[in-house]
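Numbered per the UniProt record's numbering, the sequence shown spans residues 1 to 252.
C-beta atoms are modelled at their ideal positions from N, C-alpha and C, and glycine is treated no differently.
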Amino acid sequence: MVSIADSVVVVTGGASGMGRSMALEFASEGASVVAVDIDEDGLDEVTSEIAADGGEAIGVVGDVSDRDSVEAVVEQATDEYGTIDVLCNNAGILDDYAPVGETSEELWDRVMDINLKGVFLLTKAALPALMDGDEEGVVINTASIAGKVAGGGGAAYTSSKHGVIGFTKQLSHDYGPEIRANAVCPGFIETGMTEDMIEQTPDEVHEIVQETPAERYAEPDEVAQVVAFIASNNASFMHGAAVDVDGGWLVD
Ligand code: NAD
1 MVSIADSVVV
11 VTGGASGMGR
21 SMALEFASEG
31 ASVVAVDIDE
41 DGLDEVTSEI
51 AADGGEAIGV
61 VGDVSDRDSV
71 EAVVEQATDE
81 YGTIDVLCNN
91 AGILDDYAPV
101 GETSEELWDR
111 VMDINLKGVF
121 LLTKAALPAL
131 MDGDEEGVVI
141 NTASIAGKVA
151 GGGGAAYTSS
161 KHGVIGFTKQ
171 LSHDYGPEIR
181 ANAVCPGFIE
191 TGMTEDMIEQ
201 TPDEVHEIVQ
211 ETPAERYAEP
221 DEVAQVVAFI
231 ASNNASFMHG
241 AAVDVDGGWL
251 VD
């Protein structure tokens, strides 16, 4: 890959949580960042913060579950910066917990459309830009520990995140070495997704994370830093991995 400092990085879910941290991290390393989200105000905040620090970023309002919207995102990114070097498919939702028998078709479709189909749609639309030129393109998908084990996410979320890991492996299989694709699997991270849980049931959250080797939850930038490493040439031999960033959640 070109060095991060010279790269163009697209981050979905860039207005909040881990996506926001990824946008800030890549911009601080000198990349041109395209932050994508449905939350326009959040995008304005993150791009203003990057600009105030002397970084380069644009915010693009886009819905990853919608093909036209995703194609418009790629067009805007390439119109602005000429190419895409790194794609971080990070946008996702965690809906109400439900086992299979209580999962409505609407809930299933909502979660799958954003968490899994969105990863497919944007990757497909961005492939020509990721593969132009001589340098490899890098794709990093945000899965979850719910992509490896069953548990807190419920049927749709767990299935979507297992799908993200499978998608990442298939992408590597079909497009390596031109595309270097990997996934990250965060554990419990303090973001927009978990803030209500942390606020409303702090004892329960404490009990859950206390069971892990790290004995705590993480800040979003602790995941963003790993993502930046995977995007860099220091991770040049990593293809198709699903990297746990979970405080050791999965050790037992
Ligand atoms: P977050 O809610 O803070 O951020 C998610 C962002 O995605 C939001 O800004 C939201 O507006 C955006 N988004 C939602 N639907 C979208 C759509 N259709 N198109 C574009 N953007 C959309 O949550 P987060 O925790 O930072 O989540 C980032 C990723 O991390 C998700 O894929 C999530 O499943 C995954 N994850 C989170 C945790 C955790 O503990 N927070 C753990 C494992 C995995």
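The secondary-structure analysis by DSSP pairs P186 across a beta bridge with V245.
For R180, the pairing in a beta bridge is given by DSSP as V138.
Remark: the C-beta of G59 is outside contact range of the ligand NAD, defined as less than 6 Å to any heavy atom. Remark: C-beta atoms of G192 and G247 do not approach each other more closely than 7 Å.
If you compare the alpha carbons of G137, D6, D41 and G42 with that of V33, the shortest gap goes to D6. Look at the beta carbons and you see the segment 134-148 touching the segment 82-89: at least three pairs across the two are nearer than 8 Å. Annotation for D37: the continuous beta strand (DSSP E) segment containing it runs S32 to D37.
Within a 10 Å sphere around the beta-carbon of A125 sit 16 or more other beta-carbons, which makes this residue buried. Straight-line spacing of the CA atoms in P128 and A31 works out to 20 Å. When beta bridges are read from the DSSP output, G82 appears opposite no residue. Minimum Cα-Cα distance from V11 among the listed residues V245, T212, A235 and E25 corresponds to E25. Every alpha helix (DSSP H) of 4 residues or more that sits fully in the segment 94-150 is shown, in chain order, as 105-112 and 118-130. When DSSP states are grouped into helix, strand and coil, A57 belongs to the strand group.
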